[in-house]
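Inspection log for the structure reproduced underneath, given as structure tokens.
Residue numbers (this note's numbering): 1217 to 1474.
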């Protein structure tokens, strides 16, 4: 078919020598413009992204530093928490021990208070007994003083009685001697007014004996039996003497004995 017409494919194409068609140039220009705009926008976006990247890296470093610091702080806090936990456990143990000690001390205090109350009761009883014993002792001392005074008086009386006994014995001896002498000497029957030497000798010891007897209390005289003996044995001789002289000498003898 091609051979019959004698026209080839190359002949059908237009012959523009070396120039491109205009629409191709326009397309290229548009493509270059689009590429330039795209490159510019991409470069701007790249610059922005690069700046953000730098900021992000800086922030990352800061965050890492902060994270390291926070990690250190966290470790310190964990250590402090661990120590605080141990301290708290120790405090709990101490608190438990303190509660036990307080309970024991409270029991001891209660026991001590009970003991104090019992001691107060014992003290009151002891004070009552002491007061009672003091009163008994005071009464005993008073009685002892009275007994000592009575003993002193009795000693004085005993001494006076002993003296009287000795004097009575001496007078009885003299009386016996005078009676023996009187039995040998015959009295003068007619002379009643004048006193004989024997009567004078008899009258003197009899007066002394009577004065000593009168100086004693009546009870002691009755106990010793001196009144009756002297009155029975020497009554006649004392009746011859005057009552005034006997009373005067008796008062003097009482004062001397006192």
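Don't be surprised by glycine CBs; every beta carbon is placed ideally from N, CA and C.
Taking only heavy atoms of the ligand ATP into account, decide whether any of them is closer than 7 angstroms to the Cβ of residue 1275. The model depicted lacks the ligand ATP and carries no ligand whatsoever.
Give me the Cα-Cα distance between residue 1289 and residue 1298, rounded to the nearest whole angstrom. 14 angstroms
Kindly indicate which three-state DSSP category residue 1352 falls into: helix, strand or coil? helix
Would you decide whether residue 1380 is buried or exposed? Buried here means 16 or more other CB atoms lie within 10 Å of its CB. It counts as buried.
Can you give me the C-alpha to C-alpha distance between residue 1387 and residue 1394, rounded to a whole angstrom? 10 angstroms
Take the Cβ of residue 1339 as the centre, count every other Cβ of all protein chains shown within 10 Å, and call the residue buried at 16 or more, exposed below. exposed
Between residue 1218 and the rest of its own chain, which residues show a CB-CB distance below 6 angstroms, the 5 nearest in sequence each way excluded? Summary for residue 1218: the model assigns pLDDT 45, below 50, so the residue's position carries little reliability, and this model does not support an answer.
Reducing DSSP to helix, strand and coil, say where residue 1238 ends up. helix
Alpha-carbon spacing of residue 1383 relative to residue 1370, whole angstroms: Near 19 angstroms, if we compare the C-alpha coordinates of residue 1370 and residue 1383.
For residue 1391, does the count of other Cβ atoms within 10 angstroms reach 16, so buried, or fall short, so exposed? buried
From residue 1306 to residue 1315, what distance separates their C-alpha atoms? 14 angstroms
Length of the line joining the Cα atoms of residue 1448 and residue 1372: Residue confidence for residue 1448 is low, a pLDDT of 49 falling below 50, so the modelled location carries little weight; the figure read from the coordinates is stated next. Approximately 27 angstroms between the Cα atoms of the pair.
Leaving aside the five residues before and after residue 1336 along the sequence, list all residues of the same chain whose C-beta is less than 7 angstroms from its C-beta, in chain order. Hits under 7 angstroms: none found.
Sequence-distant residues of the same chain with beta carbon closer than 7 angstroms to residue 1300, five excluded per side: Residues of the same chain with their beta carbon placed closer than 7 angstroms to that of residue 1300 are lacking, with the five preceding and five following residues left out of the count.
Inter-residue spacing [alpha-carbon to alpha-carbon] between residue 1265 and residue 1249: 23 angstroms
Just the C-alpha distance for residue 1284 and residue 1293, rounded to the nearest angstrom, thanks. 14 angstroms
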